[in-house]
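S.K.: One structure follows; several queries about it will come next.
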Amino acid sequence: MSRQLNMDVLRQNFWKEEYLREKMLYCEWYRKYGSMVKAKQKAKAAARLPLKLPSLHPKAALSPPPVPKAIPSKDPSLGLKAPIQSEMYPVLPATRALLYDGISHDLQGRYRYLNTRKLDLPEKRYLFPITTNFMYGWQLGPPEKQELVSSKMCRIESFFRKNGVFALLDSRDLAL
Numbered sequence: 109m110s111r112q113l114n115m116d117v118l119r120q121n122f123w124k125e126e127y128l129r130e131k132m133l134y135c136e137w138y139r140k141y142g143s144m145v146k147a148k149q150k151a152k153a154a155a156r157l158p159l160k161l162p163s164l165h166p167k168a169a170l171s172p173p174p175v176p177k178a179i180p181s182k183d184p185s186l187g188l189k190a191p192i193q194s195e196m197y198p199v200l201p202a203t204r205a206l207l208y209d210g211i212s213h214d215l216q217g218r219y220r221y222l223n224t225r226k227l228d229l230p231e232k233r234y235l236f237p238i239t240t241n242f243m244y245g246w247q248l249g250p251p252e253k254q255e256l257v258s259s260k261m262c263r264i265e266s267f268f269r270k271n272g273v274f275a276l277l278d279s280r281d282l283a284l
C-alpha cells in the first residue's frame with residue numbers, strides 16, 4: 109500500500125504559513141520572557157550551591173579558670189552517674205568515638221555505634237525502666253541455651269494428629 113499524499117499547492121502553503129507563524133510566536137515569546145527565565149534559572153542554580161561561610165581565625169586561647177580540686181571518690185562507678193534529667197547512663201568515650209568514624213553506608217559510624225550500644229544490657233544503659241515493656245527482659249541476664257532432649261518416636265507421635273486423620277501410619281509417611 110502506498111501512502112496517499114493529499115498535498116496540493118494550497119495545502120502546502122497553509123502548512124508553510126502555520127510553521128512560520130509558530131516560529132514567529134516562539135521568537136516573540138523568547139524576546140519578551142527569555143531574560144526572566146534565564147534570571148530564574150540562575151537564581152535556582154545559585155540556591156543549589158552550598159553556602160560558603162567565612163572562615164574564622166582562631167583567637168589566642170584564653171587560659172581556663174582554675175578548677176577547684178575535688179575529693180576523689182572511692183567508687184569508680186560514681187563517675188558514670190548521669191544527671192537527674194537523663195534516663196540513660198552516659199556513653200563510654202570509646203563507644204561515642206564510633207559515631208564519628210566513617211559513614212553508615214559502609215557499616216561504620218552511626219550504624220556501628222548503634223549495634224555496639226545494642227549489645228549492652230538494658231540495665232547498663234538505663235537508670236531505671238522507662239516503660240512497662242522494659243519489665244519484660246529486665247535483669248534476665250544472658251540467655252541460656254537449652255538442648256532438646258527427645259526421642260525420635262516421641263517427635264513422630266507428636267507430629268501426626270490424633271483425631272484419626274492419620275490413624276494408619278504408612279512407612280512412606282514417616283520422615284526417618
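Residues in the sequence shown are numbered from 109 upward in steps of one, following our numbering. Heads up, the beta-carbon is just placed ideally off N, CA and C, and yes, glycines get one too. Values in this document were obtained by computation on a predicted structure and should not be read as measured data.
Around the C-beta of Tyr-138, are 16 or more other C-beta atoms found within 10 angstroms, so that it is buried, or is it exposed?
M.R.: It counts as exposed.
S.K.: Between which residues of its own chain and Arg-220 is the CB-CB distance below 7 Å, once the five residues before and five after are set aside?
M.R.: Only Leu-206 meet the Cβ criterion.
S.K.: What's the gap between the Cα of Lys-124 and the Cα of Lys-140?
M.R.: For Lys-124 and Lys-140, the distance between alpha carbons rounds to 24 Å.
S.K.: Just verifying my parser: in three-state terms, what is the DSSP assignment at Met-144?
M.R.: Here Met-144 sits in helix by DSSP.
S.K.: For Tyr-221, which of helix, strand or coil comes out of DSSP?
M.R.: Three-state DSSP puts Tyr-221 in a helix.
S.K.: Check Tyr-244 in the structure and name its three-state DSSP category.
M.R.: Here Tyr-244 sits in coil by DSSP.
S.K.: From the DSSP output, in three-state form, read off Met-132 for me.
M.R.: Residue state, collapsed to three classes: helix.
S.K.: What's the gap between the Cα of Asn-223 and the Cα of Ile-211?
M.R.: For Asn-223 and Ile-211, the distance between alpha carbons rounds to 14 Å.
S.K.: Let me check understanding here. Comparing Cα to Cα, which of Val-199, Gly-217, Asp-209, Thr-240 lies closest to Arg-233?
M.R.: Measuring from the Cα of Arg-233, the nearest candidate turns out to be Val-199.
S.K.: Have a look at Lys-148, Glu-252, Tyr-134, Glu-195 and flag the residue whose alpha-carbon is nearest the alpha-carbon of Phe-236.
M.R.: Ranking the options by Cα distance to Phe-236, first place goes to Glu-195.
S.K.: If you draw a straight line from the C-alpha of Leu-113 to the C-alpha of Glu-126, how long is it?
M.R.: C-alpha separation (whole angstroms): 19 Å.
S.K.: So who's on the other strand from Met-196, going by DSSP bridges?
M.R.: DSSP lists Tyr-234 as partners of Met-196.
S.K.: Taking the alpha helix (DSSP H) that Pro-201 falls in, what are its first and last residues?
M.R.: Looking at the DSSP string, the run of the alpha helix (DSSP H) that includes Pro-201 is 201-205.
S.K.: Grouping DSSP H, G and I as helix and E and B as strand, with all else coil, what is Ser-212?
M.R.: Helix.
S.K.: So, helix, strand or coil for Glu-126, using DSSP?
M.R.: Correct three-state label for Glu-126: helix.
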